[in-house]
Amino acid sequence: MRGLVIKSTGNAYLVRMDDGSDVECHIKGNFRIRGIRSTNPVAVGDYVEVQTLADGTNWITEIEERRNYIIRRSTNLSKESHILAANIDQVALIVTVNHPETSTTFIDRFLATCEAYSVPTVLIFNKIDLFTPDEIARVEELRSLYESIGYTTLAISAVSGELSDLKKQFVNKVTLLSGNSGVGKSTLLNALFGKEMTRTGKISDAHDKGMHTTTFSEMYFLDDITPGAVIDTPGIKGFGAINMEKEEVSHYFREIFRTAQECRFGNCTHTGEPGCAVSEAVVRGEIAMSRYESYLSILGDCTETKYR
Ligand SMILES: Nc1nc2c(ncn2[C@@H]2O[C@H](COP(=O)(O)OP(=O)(O)OP(=O)(O)O)[C@@H](O)[C@H]2O)c(=O)[nH]1
Ligand SMILES: [Mg+2]
Ligand SMILES: [Zn+2]
656 MRGLVIKSTG NAYLVRMDDG SDVECHIKGN FRIRGIRSTN PVAVGDYVEV QTLADGTNWI
716 TEIEERRNYI IRRSTNLSKE SHILAANIDQ VALIVTVNHP ETSTTFIDRF LATCEAYSVP
776 TVLIFNKIDL FTPDEIARVE ELRSLYESIG YTTLAISAVS GELSDLKKQF VNKVTLLSGN
836 SGVGKSTLLN ALFGKEMTRT GKISDAHDKG MHTTTFSEMY FLDDITPGAV IDTPGIKGFG
896 AINMEKEEVS HYFREIFRTA QECRFGNCTH TGEPGCAVSE AVVRGEIAMS RYESYLSILG
956 DCTETKYR
């Protein structure tokens, strides 16, 4: 019978079958999907075929072709990658300018990956109840930067805020919640539901970082957003961008891609070539230095992977 994977703990999967029942399933050790090398062959959001054996155990035997998915390498150099979720309508990337601080490199690497897989992304700046005026100014500065590039952004407080604008973003869509540990993904999920659906954790006093409280991915169904759903996932540290060709990287930075049309050379990598419109726009402040640095950092990974 067919079903939808709604929870993944790494070694077991919870599948909502077409008849509405939830069934715990396993996969054979040698189960692999052609062409994708990942630590998890099956992800939340996958539609699968399940067979029940005589001993009552349930096994995933097939995965339907994915409409899309988001994949990341755990570190820049690791060859193993991990599928965050499959068949999603959008990513809500939760970020915080402090407690913990999400780096712009992380944001940009994440955004570039979503561009590569053509998944729309909403940037959600959380914990605004907590911030000093300077930190609020930083939130506004980043929001206007990403809005100017063409992203939708929101500033919210998952603990004390009014979330109706946010909820509108989730209606009729399957949304993947992602971000660093401790930014408030699970807190936001609980706030959307108005009750405790999943555990949340403290920020460590010593490091001002999350403690990796959520250890599995799970899809939650909320009446108000039906037929949409929200997928809470474990916090992630680095974001090693997926394998990209050097020439391809600029395609995933919208403003760099637009500006690159004016570069003198068609194969310009925007790293010091004469007549480079991108470098000029960076100097004039029309392209943010932080974005340009993120672009260079992914470009660096490409070179590194190639010569290893
Ligand atoms: N002041 C304030 N605290 C928040 C807000 N959102 C989350 N927190 C707190 O931040 C801490 C971490 O929240 P979680 O929801 O567990 O974070 P997470 O992103 O799910 O973290 P992982 O599961 O480890 O990836 C908790 O102590 C929350 O109460 C917010 O908007 N304002
Ligand atoms: Mg969590
Ligand atoms: Zn150029």
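Using this note's numbering, you'd call the opening residue of the sequence shown number 656 and step up by one each time.
Cβ coordinates follow ideal geometry from the N, Cα and C atoms, glycine included.
Helix, strand or coil at residue i according to DSSP, with G and I counted as helix
i, result
"Arg939", "coil"
"Arg963", "Residue placement at Arg963 is flagged as unreliable, the pLDDT there being 47, under the threshold of 50; a coordinate-derived value is accordingly withheld."
"His906", "helix"
"Asp977", "The question about residue 977 has no answer, for the chain in this structure spans 656 to 963."
"Ser812", "coil"
"Tyr772", "coil"
"Met852", "coil"
"Thr870", "coil"
"Ala667", "coil"
"Arg728", "strand"
"Met899", "coil"
"Leu739", "strand"
"Ile858", "coil"
"Asn713", "strand"
"Ala677", "Ala is not the amino acid found at residue 677; the sequence shown has Asp there. In the structure shown, Asp677 sits in a strand (DSSP, three-state: E or B)."
"Ser836", "coil"
"Ile891", "coil"
"Thr707", "strand"
Unbroken beta strand (DSSP E) run spanning residue i, endpoints
i, result
"Phe780", "Thr776 to Phe780"
"Leu659", "Arg657 to Ser663"
"Asp887", "Ala884 to Asp887"
"Ile682", "Ile682 -> no beta strand (DSSP E), and no H or E assigned at all."
Host alpha helix (DSSP H) of residue i (start-end)
i, result
"Arg793", "Pro788 to Ile804"
"Gln745", "No alpha helix (DSSP H) contains Gln745, which is instead part of the beta strand (DSSP E) from Gln745 to Val750."
"Ser833", "It is not in any alpha helix (DSSP H) - Ser833 instead sits in the beta strand (DSSP E) that spans Val829 to Ser833."
"Asp820", "Ser819 to Phe825"
9 Å Cβ cutoff met for residue i and residue j
i, j, result
"Ile738", "Val670", "no"
"Ile942", "Thr914", "yes"
"Arg939", "Ile804", "no"
"Ser663", "Ala698", "yes"
"Asp784", "Gly834", "no"
"Ser836", "Gly890", "yes"
"Leu877", "Ala747", "no"
"Glu838", "Thr751", "Note that residue 838 is Val in the sequence shown, not Glu. Yes, the pair counts as a contact, with Cβ atoms nearer than the cut-off."
"Leu844", "Tyr875", "yes"
"Arg919", "Gly927", "no"
"Thr924", "Ser945", "no"
Whole-number beta carbon distance between residue j and residue i, since they are thought to touch under 8 Å
i, j, result
"Ile749", "Ile779", "5 Å"
"Thr808", "Arg798", "4 Å"
"Asn742", "Asn713", "About 21 Å separates the two Cβ atoms, so there is no contact after all."
Among the options, the one whose alpha carbon lies nearest that of residue i
i, options, result
"His862", "Asn753, Asp701, Leu708 and Gly675", "Asn753"
"Leu818", "Thr853, Lys782 and Cys769", "Lys782"
"Val774", "Gln745, Lys828 and Leu847", "Gln745"
"Gly658", "Leu832, Ala813, Asn898 and Ser676", "Ser676"
"Glu704", "Glu679, Asp710, Lys892 and Arg727", "Glu679"
"Gln824", "Val885, Tyr947 and Val660", "Val885"
"Gly1015", "Glu903, Met852, Val826 and Ser905", "What is shown of the chain runs 656 to 963, which leaves residue 1015 out entirely."
"Ile718", "Gln706, Tyr702, Leu708 and Met874", "Tyr702"
"Thr972", "Glu795, Thr842 and Val814", "The first residue shown for the chain is 656 and the last is 963, placing residue 972 beyond what the model contains."
"Gly665", "Met656, Pro696 and Met672", "Pro696"
"Asp820", "Leu847, Val829 and Tyr806", "Leu847"
"Gly865", "Ala667, Ile661, Ile682 and Glu756", "Glu756"
"Met672", "Val660, Tyr947, Phe871 and Ile682", "Val660"
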